[in-house]
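Numbering (the numbering used here), first residue to last: 1 to 289. Where a beta carbon is used, it is the ideal one built from N, C-alpha and C, also for glycine. Please read all numbers here as calculations on a predicted model, not as lab measurements. Structure record follows, encoded as structure tokens.
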């Protein structure tokens with residue numbers, strides 16, 4: 001499954017033409033609960049593609065709605081919709097209507113999981129930590145700032161940083177770093193552009209295809225290759241302990257805790273944190289030179 005829903009010869013790939021895609025999915029009716037249950041039961045027994053087609057197409061707008069909440073991460077909307085569609089396909093295949101839940105409730109979890117996985121894997125050269133707490137920070141920092149009416153990109157006060165860090169079970173430094181990385185502005189796909197029109201036009205009606213052309217893809221690939229090479233070269237400024245702590249804290253698939261590293265090196269957890277942050281500063285300084 002690659003994010004393109006092609007059942008019964010029809011293609012709904014947002015990469016082809018996003019504006020046309022958004023327009024085309026509106027023609028599919030939203031299923032009533034009874035019909036949805038009946039179709040889900042029948043699909044579970046038969047795995048009939050025509051039934052899957054009805055279940056999928058009736059929830060394509062749900063994918064777009066989920067993606068609209070992640071638009072502020074600066075990634076192509078069409079690609080996020082494709083990833084959400086993959087989650088929707090998995091949901092159709094694994095849904096059990098006898099458990100008593102609506103399909104939309106079940107599908108929502110799969111869609112969000114697929115979109116979030118894509119965002120996390122695409123966000124930056126130095127991977128975001130994969131612990132549950134760091135993921136929670138990544139996807140909830142904007143929400144918390146909005147609740148506190150901190151809608152601009154100014155630095156947060158120490159009190160605010162401390163409260164956010166405590167509520168999300170991360171360090172103050174992690175909140176500070178994440179706030180800097182999430183400096184782009186959120187925007188709603190459902191914002192009305194022309195309230196004088198009969199129905200009101202929304203941003204979602206005018207989104208064009210954001211897929212880069214071949215020249216942009218090549219330029220991006222070259223840039224990322226250069227950055228990786230630069231990053232690898234910058235590692236020479238670190239000693240073996242600094243490299244080990246940095247990789248285990250920031251680059252490893254499974255992040256090692258401060259407590260484990262403090263025991264391994266017979267130093268305090270605060271000292272481990274200092275070494276980690278100082279290593280990052282050394283690399284940034286060398287790259288900027």
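Practice item. Taking residue 18 as the reference, give the member of 253, 99 and 79 with the closest Cα. Key: For this step, residue 18 is matched to residue 18 along the chain shown. When only C-alpha atoms are compared, the closest one is 79.
| message | Less than 8 Å between the C-beta atoms of residue 108 and residue 60, yes or no? | response | Along the chain shown, read from residue 1 onward, the residue named residue 108 stands at position 108. Along the chain shown, read from residue 1 onward, the residue named residue 60 stands at position 60. Result no, Cβ atoms of residue 108 and residue 60 do not sit closer than 8 Å.
* Return the chain-ordered list of same chain residues with a C-beta closer than 7 Å to the C-beta of residue 268, the five sequence neighbours on each side being excluded. => Within the chain shown, residue 268 is the residue found at index 268, counting from 1. Once the five neighbours on either side are set aside, the close Cβ partners of residue 268 are 262.
Practice problem: For residue 116, count neighbouring C-beta atoms within 10 Å of its own C-beta (all shown protein chains included) and say buried if the count is 16 or more, exposed if not. | Solution: As a working mapping, residue 116 is identified with position 116 in the chain shown. So residue 116 ends up on the buried side.
> Where do the ends of the alpha helix (DSSP H) carrying residue 100 lie?
Replying inline: Residue numbering aside, residue 100 sits at position 100 when the chain shown is read from its first letter. It is not in any alpha helix (DSSP H) - residue 100 carries neither H nor E in the DSSP assignment.
DSSP state of residue 111 mapped onto helix, strand, coil: As a position in the chain shown, residue 111 is number 111, starting the count at 1. Helix.
- [ ] Out of 94, 104, 87 and 274, state which residue places its alpha-carbon closest to the alpha-carbon of residue 118.
- [x] Walking along the chain shown from the start, residue 118 turns up at place 118. When each option's Cα is compared against that of residue 118, the closest is 87.
Which residues mark the beginning and the end of the alpha helix (DSSP H) in which residue 293 is found?
-> Residue 293 cannot be examined here, being either before or after the span of the chain that is shown, 1 to 289.
Checklist entry - Using 8 Å as the Cβ pair cut-off and three pairs as the minimum, do the stretch 154-168 and the stretch 248-256 touch? => result no
(message) Measuring straight from C-alpha to C-alpha, what distance separates residue 113 and residue 73?
(response) Position 113 of the chain shown, counting from 1, holds the residue named residue 113. Position 73 of the chain shown, counting from 1, holds the residue named residue 73. Distance between the alpha carbons of residue 113 and residue 73: 15 Å.
Just to confirm before moving on: does the CB-CB distance between residue 246 and residue 270 stay below 8 Å? As a position in the chain shown, residue 246 is number 246, starting the count at 1. As a position in the chain shown, residue 270 is number 270, starting the count at 1. Against a cut-off of 8 Å, the Cβ pair of residue 270 and residue 246 comes out as no contact.
Identity of the residue in 64, 42 and 47 nearest residue 23 by Cα:
Taking the first residue of the chain shown as 1, we reach residue 23 at position 23. That would be 64, whose Cα lies nearest to the Cα of residue 23.
Please report the straight-line C-alpha distance between residue 93 and residue 167, rounded to a whole angstrom.
Locating residue 93 in the chain shown gives position 93, where the first residue counts as 1. Locating residue 167 in the chain shown gives position 167, where the first residue counts as 1. Their backbone Cα atoms lie some 36 Å apart in a straight line.
Distance between beta carbons of residue 170 and residue 137, contact taken as under 8 Å
Taking the chain shown and counting its residues from 1, the one referred to as residue 137 is at position 137. Taking the chain shown and counting its residues from 1, the one referred to as residue 170 is at position 170. Confirmed, Cβ separation roughly 5 Å.
_Just verifying my parser: in three-state terms, what is the DSSP assignment at residue 58?_
The residue labelled residue 58 in the question sits at position 58 within the chain shown. Three-state result, residue 58: coil.
Tell me which residues share the same chain as residue 40 and place their Cβ nearer than 6 Å to its Cβ, disregarding the 5 neighbours each side in the sequence.
Taking the first residue of the chain shown as 1, we reach residue 40 at position 40. Answer for residue 40: 95, 97 and 103, listed in chain order.
Quick one: using the 10 Å Cβ neighbour count with 16 as the cut-off for buried, is residue 30 buried or exposed? By one-based count along the chain shown, residue 30 stands at place 30. Looking at its Cβ environment, which holds fewer than 16 other Cβ atoms inside 10 Å, residue 30 is exposed.
Given residue 70, which residues of its chain have a CB within under 7 Å of its CB, disregarding the five upstream and five downstream residues? On the chain shown, residue 70 is found 70 positions in, with the first residue counted as 1. Excluding positions up to five away in sequence, the list reads 80, 115 and 119.
Just the Cα atoms here: how many angstroms apart are residue 279 and residue 106? Here the question's residue 279 lines up with position 279 in the chain shown. Here the question's residue 106 lines up with position 106 in the chain shown. Each residue's alpha carbon lies about 43 Å from the other.
Problem - Top-ranked residue by Cα proximity to residue 173, from 45, 273, 100 and 236 - result: Sequence index remark: in the chain shown, residue 173 carries index 173 (1-based). Comparing Cα-Cα distances from residue 173 to each of 45, 273, 100 and 236, the minimum goes to 273.
Next on the checklist: Could you tell me the alpha carbon to alpha carbon distance between residue 158 and residue 144, rounded to whole angstroms?
Outcome noted: What you label residue 158 is simply residue 158 of the chain shown in a count that begins at 1. What you label residue 144 is simply residue 144 of the chain shown in a count that begins at 1. About 15 Å.
Within the same chain, show all residues whose beta-carbon is closer than 6 Å to that of residue 175, passing over the 5 residues directly before and after it, in chain order. The sequence position of residue 175 within the chain shown is 175, counting from 1. So the qualifying residues of the chain are 161, 164 and 165.
Determine the DSSP secondary structure at residue 42, reduced to helix, strand or coil.
Taking the chain shown and counting its residues from 1, the one referred to as residue 42 is at position 42. In the structure shown, residue 42 sits in a helix (DSSP, three-state: H, G or I).
Check your understanding: Which first and last residues belong to the alpha helix (DSSP H) in which residue 163 is found?
Key -> As a first step, residue 163 is located in the chain shown; it is residue number 163 there, counting from the start. Segment 158-168, the alpha helix (DSSP H) holding residue 163.
**Prompt:** Is the beta carbon of residue 28 less than 8 Å from the beta carbon of residue 58?
**Reply:** Locating residue 28 in the chain shown gives position 28, counting from the first residue. Locating residue 58 in the chain shown gives position 58, counting from the first residue. Cβ atoms of residue 28 and residue 58: closer than 8 Å.
Problem - Local conformation of residue 256 per DSSP, three classes - result: Numbered from its first residue, the chain shown carries residue 256 at position 256. Looking at residue 256 - three-state DSSP - the assignment turns out to be coil, as it is neither helix nor strand.
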